[in-house]
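Reading through the structure tokens given below for one structure.
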Amino acid sequence: MFTPLKTFAGIFLAISLLGLADCSKIECGDDFVCLLETDYQNGVSYKGITKKIMFEEYVDIPNLADEILAQYDFDEMDREYKDYEMRMFLFVKNIQEGNCEEVWKYLKQRAPVTWYSENELMGIFYQQGICVEKDPIKAAEIYLEIIDEGVRSSRSAARLGSMYWKGEDVSKNDTRTKNLFQKAVLWEASAFFGEGMDDPFFDATDTIDYKIWGLTIRQMWMAFALTETGPWELPEPLIEKIRWLESLEKNNGEELVGISKNLLEGKGEYDQDIETALALMINAGEYFNNQEAKYLAPLWGMDKDICAQRMVLNPFLDCDWEFSYSFSHMEEAAFEGNKNAIRYLIDYFTLTSFTTKIQIKKETRLRYCDYFVRINPVL
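Numbering (the working numbering), first residue to last: 60 to 438.
Written out as structure tokens, the structure reads:
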């Protein structure tokens, strides 16, 4: 869904990349940038420009979604999914019946999956003795390797924490148990409080998880379970953590904001975990409509130092893209009346250029500021 200010970011970027072409002539033909700049010069308000964009008065905007969907063969996709379901049913049945030759054959032939998911499955195999000699120590090594690689696998953390809680061929360690259960629940929280959780699909019964295990997708997540191996007996301390997570729904996101701040800096009982801090701050803003979070989430996303720290575990992270994406959310928060976001944008457009290559005209920046002041006269 387009928002007026999100649209502005794209407009300014388009103008910048095209070098703020000279559009002094009123006759612009179909030149979108020229038409836009002409309206600026003629004093058309931001609200008026946004309205013209949304109603396609400058240029027809093709419906890309329709074009993309037209390329898909949904009948073929349906056949492929039914084939996947059948093979998964057989795989689970072979695990349950101990038909190990078929289990290994399936694992060798099935489509590639993410490294950590495949390794996670092997961890469960070693932990439970599925088609391999039971080796909890090897299982613990696999779970720990996944976590040390920076993968926020709630299932690996939950299972490893359970092993330390039980003393399952590893030294019983209550401190590590508490730490791992906390990680598991916080890593799951970004999904629990995600916008998608309002989708009835997560509670649907027409899913492979429900057909095999009788659990919805939401229930599988909260059971820290894989489709291949299903639910397992959760230790009581982990169940208590889940109840704590569910209790957070009763407040306005303030506790989630506090947790995010501690995770960002590694304060209190929390290890530093920037990705989870950012994810939960986004949750607090979107799920709880917490105004502090709506400002801090994009602010953190635009922070170059924070992005540099994130790149240690994710070297492919594009900080320029992160800035652009977060900036659009800062604009969205400002348009909704978030005073901190408004102040930030006024300072940004008053004191800095929109790009490092081209200086936005001073009067254009001041008009942007004037727009915010007019819609929010009390700052």
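Even glycine gets a Cβ: it sits at the ideal position worked out from N, Cα and C.
Please name the residue in the options whose C-alpha comes closest to that of residue i.
i: Trp303; options: Asp268, Val244 and Tyr269; result: Val244
i: Pro195; options: Met222, Ser176 and Leu180; result: Met222
i: Ser383; options: Trp359, Asn397 and Phe394; result: Trp359
i: Trp272; options: Glu287, Tyr407 and Ser212; result: Glu287
i: Arg146; options: Asp134, Asn397, Lys164 and Ala263; result: Lys164
i: Arg402; options: Gly220, Tyr354 and Ala367; result: Tyr354
i: Gly289; options: Asp132, Lys152 and Leu95; result: Lys152
i: Gly226; options: Asp406, Met279 and Pro294; result: Pro294
i: Glu334; options: Glu313, Asn321 and Asn311; result: Asn321
i: Gly188; options: Leu166, Val210 and Gly157; result: Gly157
i: Trp291; options: Gln186, Ile201 and Tyr140; result: Gln186
i: Lys237; options: Cys159, Ala248, Leu219 and Ile154; result: Leu219
i: Ala284; options: Gly325, Ala217, Ala352 and Tyr346; result: Ala217
i: Asn178; options: Val162, Lys167, Ile201 and Leu166; result: Ile201
i: Val229; options: Arg138, Ile154, Gly312 and Ala199; result: Ala199
i: Pro296; options: Lys242, Leu339 and Asn348; result: Lys242
i: Phe148; options: Ala250, Ile267 and Gln130; result: Ile267
i: Asn349; options: Phe133, Ala129 and Gly317; result: Gly317
i: Leu239; options: Leu339, Asp258 and Ser213; result: Ser213
Could you check where the alpha helix (DSSP H) with residue i kicks off and where it finishes?
i: Gln241; result: Asp233 to Phe251
i: Tyr354; result: Gln350 to Met361
i: Thr335; result: Ile333 to Glu345
i: Pro294; result: Note, Pro294: premise wrong, no alpha helix (DSSP H); not H, not E.
i: Lys326; result: Careful: Lys326 lies outside any alpha helix (DSSP H) and carries neither H nor E.
How should residue i be labelled, buried or exposed, when 16 other C-beta atoms within 10 angstroms of its C-beta is the threshold for buried?
i: Val371; result: exposed
i: Lys300; result: buried
i: Phe184; result: buried
i: Ile405; result: buried
i: Glu208; result: exposed
i: Tyr143; result: exposed
i: Pro357; result: buried
i: Phe260; result: exposed
i: Arg169; result: exposed
i: Ile205; result: buried
i: Thr414; result: Here Thr414 scores only 45 on pLDDT, less than 50, and its place in the model should not be relied on; the value that follows carries that caveat. Thr414 should be labelled exposed.
i: Ile298; result: exposed
i: Thr409; result: exposed
i: Met136; result: exposed
i: Trp246; result: buried
i: Thr234; result: exposed
i: Trp224; result: buried
i: Arg138; result: exposed
i: Phe252; result: buried
i: Gly327; result: exposed
i: Glu324; result: exposed
i: Ala336; result: buried
i: Tyr140; result: exposed
Go ahead and pull the three-state DSSP assignment for residue i.
i: Lys420; result: With a pLDDT of 45 at Lys420, under the threshold of 50, the modelled position of that residue is not reliable, and no figure is offered here.
i: Gly289; result: strand
i: Gly396; result: coil
i: Asn321; result: helix
i: Phe413; result: For Phe413, the pLDDT reaches just 46, beneath the cut-off of 50, and the residue's location in the model is therefore unreliable, although a value from the coordinates is still provided. Of the three classes helix, strand and coil, the one that applies to Phe413 here is coil, per DSSP.
i: Cys159; result: helix
i: Asp262; result: helix
i: Thr275; result: coil
i: Ala284; result: coil
i: Gln368; result: helix
i: Cys190; result: coil
i: Val229; result: coil
i: Asn153; result: helix
i: Asn178; result: helix
i: Pro374; result: coil
i: Asp90; result: coil
i: Tyr403; result: helix
i: Asp142; result: helix
i: Gly220; result: helix
i: Tyr269; result: helix
i: Arg302; result: helix
i: Arg211; result: coil
i: Glu381; result: helix
i: Tyr165; result: helix
i: Gln100; result: helix
i: Tyr117; result: coil
i: Asp134; result: helix
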